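S.K.: My questions all concern the structure below.
Numbering (my numbering), first residue to last: 1 to 186.
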């Protein structure tokens, strides 16, 4: 069994002009959202063997704010290819992980993360299941600072793309604190 947890970076600001999109920082709401997700991780005892993250400023700051409420068990491996990556690129990155790693946290960007969930979790999942309901929510929107957990019934990460995933968790900051959303820019 392999578990891949996806975390989209928290809400970043557009009001502070920066030369590159890569350098955009979190805004106040994003910082609060990341802290709420960190508290959720701590409250639910979620653990990771490996953390793979984009080095974009908003991802680094998201991890810092998550860590203010949740002691990240391992230091992130910063991977430039995650920045604005497609779902296919993300699959390639995860598929290359050692099989000794069982639980991975991948912190990155949309649309790649949302597309990854929709690609790996079958659309024809029984509509009465939690997995189907959660997939529908992701299909509507994967907002900033949201967390999605996928489980794979396989022993090797290389088999992840050919094994249907079960979406076991989808948590948005607004689920934890209604003042954190929604709005049109998530």
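Virtual Cβ for every residue (Gly too), placed ideally from N, Cα, C. Computed from a predicted model, the values in this text were never measured in an experiment.
For residue 108, which of helix, strand or coil comes out of DSSP?
M.R.: Reading the chain shown from its first residue, position 108 is the one you call residue 108. It is a strand residue.
S.K.: Give the DSSP bridge partners of residue 78, in chain order.
M.R.: For the purposes of this step, residue 78 is taken as residue 78 along the chain shown, with counting starting at 1. Residue 78 pairs with 53.
S.K.: Under three-state DSSP, which class holds residue 142?
M.R.: Within the chain shown, the letter at position 142 stands for residue 142. Reduced to three states, the DSSP call for residue 142 is coil.
S.K.: In chain order, what are the residue ranges of uninterrupted beta strand (DSSP E) at least 3 long that sit wholly in the region 112-177?
M.R.: If we require 3 residues or more, the beta strand (DSSP E) runs fully inside the region 112-177 come out as 147-152 and 165-171.
S.K.: For residue 109, count the other beta carbons within 10 Å of its own beta carbon; 16 or more makes it buried, fewer makes it exposed. Which is it?
M.R.: Taking the first residue of the chain shown as 1, we reach residue 109 at position 109. Its Cβ being crowded by 16 or more others within 10 Å, residue 109 is buried.
S.K.: Tell me the DSSP secondary structure of residue 29 in three-state form.
M.R.: For this step, residue 29 is matched to residue 29 along the chain shown. The answer is helix: DSSP assigns residue 29 an H, G or I state.
S.K.: Residue 25 and residue 16 - do their beta-carbons sit closer together than 8 Å?
M.R.: As a working note, residue 16 is residue 16 in the chain shown. As a working note, residue 25 is residue 25 in the chain shown. Yes. Within cutoff.
S.K.: Let's see if you can read the secondary structure: which residues bound the beta strand (DSSP E) around residue 4?
M.R.: Here residue 4 is taken as the residue at index 4 of the chain shown, counted from 1. Counting along the chain, the beta strand (DSSP E) containing residue 4 begins and ends at 2-8.
S.K.: Can you grab the Cα-Cα spacing for the pair residue 144 / residue 10, in whole Å?
M.R.: Taking the first residue of the chain shown as position 1, residue 144 is located at position 144. Taking the first residue of the chain shown as position 1, residue 10 is located at position 10. C-alpha separation (whole angstroms): 5 Å.
S.K.: Looking at the strands, I want to know which residues DSSP matches up with residue 207.
M.R.: The shown model of the chain, from 1 to 186, leaves out residue 207, and the question about it has no answer.
S.K.: Do you know whose CA, among 44, 63 and 167, lies nearest residue 8's CA?
M.R.: In the chain shown, residue 8 corresponds to position 8, counting from 1. Taking only the C-alpha atoms, the option nearest residue 8 is 63.
S.K.: Going by beta carbon distance, what residues of the same chain come within less than 8 Å of residue 102, once the five residues before and after it are set aside?
M.R.: Here residue 102 refers to the residue found at position 102 when the chain shown is read from its first residue. So the list reads 1, 2, 3 and 49, once near-sequence residues are dropped.
S.K.: Which residues in the same chain have their Cβ closer than 7 Å to the Cβ of residue 119, if we skip the five residues on either side of it in sequence?
M.R.: Here the question's residue 119 lines up with position 119 in the chain shown. Here the set comprises 87.
S.K.: Measure how close the beta-carbons of residue 22 and residue 51 come, nearest whole angstrom, since I'm counting them as under 8 Å.
M.R.: Counting from one through the chain shown, the residue named residue 22 turns up at place 22. Counting from one through the chain shown, the residue named residue 51 turns up at place 51. Wrong, their Cβ atoms sit about 19 Å apart, outside the cutoff.
S.K.: Just mark residue 74 as buried or exposed, buried being the case when its beta carbon has 16 or more other beta carbons within 10 Å.
M.R.: Sequence index remark: in the chain shown, residue 74 carries index 74 (1-based). Residue 74 comes out exposed.
S.K.: DSSP three-state label for residue 86, please.
M.R.: Taking the first residue of the chain shown as 1, we reach residue 86 at position 86. DSSP places residue 86 in coil when its eight states are reduced to three.
S.K.: How about residue 148 and residue 138: are their beta carbons less than 8 Å apart?
M.R.: The residue you call residue 148 lines up with position 148 of the chain shown. The residue you call residue 138 lines up with position 138 of the chain shown. Their beta carbons are under 8 Å apart, which means residue 148 touches residue 138 by this criterion.
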